[in-house]
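Step one of this worksheet: look at the structure below.
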Amino acid sequence: MFRRLLFDHWVSIFPLISFVVSATVYFAIGRQALRMKPEQVERQARLPFEDPS
Amino acid sequence: MSDQKLSITYNDRVVRQFLLATMLWGIVGMLVGVLVASQLNFWRLNFNLPWLTFGRLRPLHTNAVIFAFVGNMMFAGVYYSTQRLVKARLASDFLSSLHFWGWQAIIVAAAITLPLGFTRGKEYAELIWPINIAVALIWVVFAINFFWTLARRNEPSLYVAIWFYIATIITVAMLYIVNHLSVPTSLLHSYPVFGGVQDALVQWWYGHNAVAFFLTTPILGIMYYFLPKAAERPVYSYRLSVIHFWSLVFVYIWAGPHHLLNTALPNWLQVLGMTFSLMLWAPSWGGMLNGLLTLRGAWHKLRTDPVLKFFAAAVTFYGMATFEGPLLSIKSVNALAHYSDWIIGHVHSGALGWNGFMAAGMIYWLLPRLWNRPLHSVSLANLHFWLGTVGILLYVAAMWTSGITQGLMLNATTEGGSVLAYPNFLDTLNTIRPMMLMRVIGGGLYLVGFLIMAYNVMKTIRGAQTVDGTIEVFARSAVPQEERLGAAATLFNPPVVFSALGTLFACVWMFGGPGLQIVGLFGGAISAILAVAHFATRGTRWAGWHERLLVSAASFTVLTFVAVAAGGLIQIIPTVVVNKAQNMEDRIAVPYTPLELAGRDIYVREGCYNCHSQMIRTMVPDVLRYGDYSRMGESLFDHPFQWGSRRSGPDLARAGGKYNAAWHFVHMADPRATSPGSNMPAYPWLYTNRTDVASLYGKLNVQRMLAVPYPAMSPAEVQASVDAQAKAITEELKATQQLTAPDREIVALIAYLQRLGKYETVAPRTAALKP
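Residue numbers (the working numbering), protein chains in the order written: chain E, 38 to 90; chain F, 43 to 813.
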């Protein structure tokens with residue numbers, strides 16, 4: 038275990054893992070954002086304008 | 043919603059205070075920046091004074107710009123926008139005031155201690171331990187004030203700017219505390235608990251994410267509030283801002299190791315750092331485009347409105363810097379750019395363009411609203427913009443050119459790659475001198491622009507009546523119970539549970555033995571299949587969880603913490619657990635003698651790491667120039683590590699024995715006597731100051747506590763060891779007509795420098811460990 042962690046190269050697997058993890062996060066959040074209700078999105082986006090200044 | 047109508051007056055006093063402090067410390071930080079850039083051109087500007095040398099002033103510049111300038115700007119923007127977004131006055135006037143004055147006291151303490159040489163020797167983390175504690179306490183005051191305000195809010199929903207502020211507060215606290223864990227040896231000195239590669243990883247996890255969560259996320263929050271206000275139209279896509287937030291917060295934290303590519307850092311960390319950095323392109327550019335497209339239909343206003351000019355340019359520079367960052371994280375590009383001025387140019391396109399221009403836009407927008415008077419001169423604001431823009435472009439172009447020149451020259455080889463094309467390091471330095479001068483001019487122009495803004499601000503507010511914003515709101519009823527997320531629902535829900543399972547099995551696969559690897563692999567695959575199946579059949583539960591999260595500040599904070607902590611823990615814990623002497627192969631460090639340790643403390647005090655690295659990368663040109671590449675075991679006992687991040691001077695990892703003691707003796711008194719054309723300062727005080735031997739006994743005890751294998755030594759034994767080694771060095775010096783007393787600091791420093799690159803060989807344990 039120690040040798041693997043300290044001295045192995047890992048180049049064959051870690052780029053793939055990084056990509057899959059990132060893509061999963063992007064996909065999940067993207068899907069969630071797209072499914073937000075339009076009125077909720079509109080309300081949120083207008084929050085800065087509820088203050089008169 | 044209740045019928046009770048409230049009239050709320052915001053606490054804008056503290057916003058004004060932070061805003062003026064931003065101006066003051068911005069000028070100080072940039073002035074020191076121009077001075078240190080000038081020192082690289084004209085070594086005489088070091089004035090042979092310890093507290094004015096480059097090595098001590100560069101940390102003052104970086105700390106002043108990051109924590110004093112951007113810090114104060116951030117606090118002003120956060121407090122102004124948060125009150126308005128949640129329709130509530132800041133929870134406590136006392137905490138607001140304590141926050142402001144406490145932060146200014148910290149800045150003053152830093153401005154005094156850094157030039158005096160009191161430092162921890164880690165970039166952007168130089169402040170000594172009592173100031174570290176003060177920073178942590180004041181940050182907690184900020185957090186309490188902020189979250190207490192959220193708890194009293196009259197607006198149930200949390201706008202995306204507030205999300206960025208939450209991420210900033212909890213992540214900076216986590217980063218700062220972990221990277222500043224130290225054991226004091228005195229009131230003014232400590233050693234970091236991490237050493238060598240551990241310290242390097244923790245430092246750049248912190249250093250990279252200081253950029254991410256101190257210089258980026260709070261400013262993105264400010265962008266999402268102030269840019270729509272200035273453009274008088276909502277953010278281009280609120281949906282995109284949601285994606286921007288979560289993807290940025292999750293991915294950013296993994297990218298720290300890209301500061302340590304091609305070094306002795308274990309390769310799995312380098313690969314993670316590089317690939318996650320590349321993934322950052324997507325969220326960064328998503329956010330940048332969201333900012334720029336918010337200006338749709340308002341582009342014509344840029345001609346007349348300096349606020350929008352600054353914001354548009356700032357977001358553009360954000361896009362440039364966040365394109366360049368991942369590019370520089372590609373290992374082969376990094377081989378050219380690392381340790382060179384290209385990195386300095388990259389940092390400044392972010393700091394001057396993104397942070398500085400966002401600050402300017404925000405200040406110009408806030409002035410009339412906080413002092414109830416129009417801006418004194420729009421023309422001067424426009425002049426500021428153009429001076430600043432030209433200044434940045436000159437600066438960045440100079441540093442790109444200089445950095446690429448450095449990289450190409452230092453890496454150039456002939457004879458089939460076996461001989462260096464430019465073996466003399468100073469050839470490179472003297473080639474880039476025109477670019478270094480252009481940097482001073484660019485930085486100077488930027489500073490002049492900032493001084494013009496200060497004049498404009500002073501003329502605007504002189505004699506003006508301050509005004510605090512007010513609003514009338516209906517007192518908010520509590521968020522309905524069914525919309526809230528309790529503690530259990532925050533953590534025990536499908537997205538979090540499946541993510542935790544996946545992480546757990548990934549760790550089992552990676553760190554387990556042969557049998558456990560199979561368990562981890564299958565467990566991870568089954569978790570992924572179950573997650574997809576659950577999502578397909580119960581997707582509404584996933585969506586409902588996120589919707590409720592958006593109105594539950596406490597739950598949102600916990601989840602954000604989990605998202606940012608995951609990357610750090612997965613990278614740091616294995617490194618801390620595994621990176622021990624018994625696991626080293628090939629080479630291992632030998633602990634410094636007491637005199638060498640004293641010399642090392644002098645090296646750290648003078649900030650030598652600001653120009654000299656101690657890390658020979660796994661690259662042919664580095665090995666040809668400096669010697670065999672550095673192994674992770676060789677710096678195992680270095681608290682703090684001194685790998686450095688730039689090479690204004692050559693690498694020193696194997697400097698020991700390269701020259702004799704007399705060479706170092708002459709070199710430190712007058713670097714140009716041994717190295718014609720050098721821009722290194724002279725260090726005359728090392729020849730008169732006495733080495734602090736009295737503190738060594740305590741320091742050695744602390745080193746022993748940190749697992750450095752020193753034998754137990756009495757104070758008398760420490761003194762005897764110091765005397766014997768110092769005598770040997772002075773005898774060697776005497777033989778070459780260099781006379782000095784053995785108790786002078788120069789002797790200790792020579793002892794340390796001559797020790798660099800010495801190691802002990804250990805037998806490889808490869809065969810025994812293979813399955």
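We put the beta carbon where it would ideally sit given N, CA and C, even for glycine.
Quick caveat: nothing in here was measured; it's all calculated off a predicted structure.
Query: I want to know whether the region 160-175 of chain F touches the region 242-249 of chain F - three or more CB-CB distances under 8 Å.; Result: yes
Query: When you compare the CB of Ile571 of chain F with every CB in chain E, is at least one pair closer than 8 Å?; Result: no
Query: Could you spell out where the beta strand (DSSP E) holding Glu514 of chain F opens and where it closes?; Result: Thr512 to Phe516
Query: Which residues in chain E sit within 7 Å of Val313 of chain F, going by Cβ to Cβ distance?; Result: Trp47, Val48, Phe51 and Pro52
Query: Quick one: is Arg281 of chain F near chain E, going by C-beta distance under 8 Å?; Result: yes
Query: Do Ala133 of chain F and Asn196 of chain F have their beta-carbon atoms positioned less than 8 Å apart in this structure?; Result: no
Query: Are the beta-carbon atoms belonging to Ile483 of chain F and Leu436 of chain F less than 8 Å from one another?; Result: yes
Query: Just the C-alpha distance for Lys812 of chain F and Phe564 of chain F, rounded to the nearest angstrom, thanks.; Result: Any reading at Lys812 of chain F must be qualified, since the residue scores a pLDDT of 43, below 50, and its modelled position is unreliable; the value itself is stated next. Cα-Cα distance, rounded: 23 Å.
Query: Can you find the residues in the same chain that come closer than 7 Å, C-beta to C-beta, to Pro410 of chain F, ignoring five residues on each side of it along the sequence?; Result: Pro416 and Leu417
Query: Determine which residues share a DSSP beta bridge with Pro226 of chain F and list them.; Result: F:Ser232
Query: What does Ile285 of chain F reach in chain E if we use C-beta pairs closer than 8 Å?; Result: Tyr63, Ile66, Gly67 and Ala70
Query: On a CA-only basis, which of F:Tyr294, F:Ala379, F:Ile513 and F:Met330 is nearest Leu314 of chain F? Give me that one, please.; Result: F:Tyr294
Query: To which residues of the same chain is His342 of chain F closer than 6 Å at the C-beta, ignoring the five residues directly before and after it?; Result: none
Query: Below 8 Å on C-beta distance, what does Ile513 of chain F contact in chain E?; Result: Asp88 and Pro89
Query: How is Leu781 of chain F classed by DSSP in three states: helix, strand or coil?; Result: coil
Query: Are the CB atoms of Leu462 of chain F and Gln656 of chain F within a distance shorter than 8 Å?; Result: no
Query: Which first and last residues belong to the alpha helix (DSSP H) in which Lys74 of chain E is found?; Result: Looking at the DSSP string, Lys74 of chain E is not in any alpha helix (DSSP H), and its letter there is neither H nor E.
Query: Under 9 Å between beta-carbons, which chain E residues line up against Glu197 of chain F? List them in chain order, please.; Result: Leu84 and Glu87
Query: Does Val277 of chain F get closer than 8 Å to chain E when you measure Cβ to Cβ?; Result: yes
Query: With 8 Å as the threshold, decide whether the Cβ of Lys271 of chain F is near any Cβ in chain E.; Result: yes
Query: Taking the DSSP output, what are the residues bridged to Tyr381 of chain F?; Result: F:Arg688
Query: Suppose you measure from the CA of Asp734 of chain F to the CA of Leu230 of chain F; what does that come to, to the nearest Å?; Result: 13 Å
Query: Would Asn453 of chain F and Pro663 of chain F be called neighbours here (beta carbons separated by less than 8 Å)?; Result: yes
Query: Against chain E, with Cβ distances strictly below 8 Å, would Phe564 of chain F count as a contact?; Result: no
Query: Who are the neighbours of Ala324 of chain F on chain E, taking C-beta pairs under 9 Å?; Result: Ser59 and Tyr63
Query: If we ignore side chains and look at the alpha-carbon of each, how far apart do Met43 of chain F and Ala517 of chain F end up?; Result: Confidence at Met43 of chain F is low in this model, with a pLDDT of 49, below 50, so its placement is unreliable and no value can be given for it.
Query: Are there three or more Cβ pairs, one per stretch, closer than 8 Å when the region 230-246 of chain F is compared with the region 278-291 of chain F?; Result: no
Query: Which residue marks the beginning of the alpha helix (DSSP H) containing Asp469 of chain F, and which one marks its end?; Result: Phe467 to Thr473
Query: What are the boundary residues of the alpha helix (DSSP H) that includes Thr716 of chain F?; Result: Pro713 to Thr716
Query: Beta-carbon of Trp93 of chain F versus every beta-carbon of chain E: anything under 8 Å?; Result: no
Query: Restricting to runs no shorter than 4 residues, where is the alpha helix (DSSP H) found entirely within the region 358-425 of chain F?; Result: 373-379, 383-390 and 399-413
Query: Ends of the beta strand (DSSP E) at Ile50 of chain F?; Result: Lys47 to Thr51
Query: In chain order, what residues of the same chain have a beta carbon less than 6 Å from the beta carbon of Phe51 of chain E, not counting five sequence neighbours either side?; Result: none
Query: Taking all protein chains shown into account, do 16 or more other C-beta atoms lie within 10 angstroms of the C-beta of His222 of chain F, making it buried, or fewer, making it exposed?; Result: buried
Query: Quick check on the burial criterion: 16 or more other C-beta atoms within 10 angstroms. Buried or exposed for Ile615 of chain F?; Result: exposed
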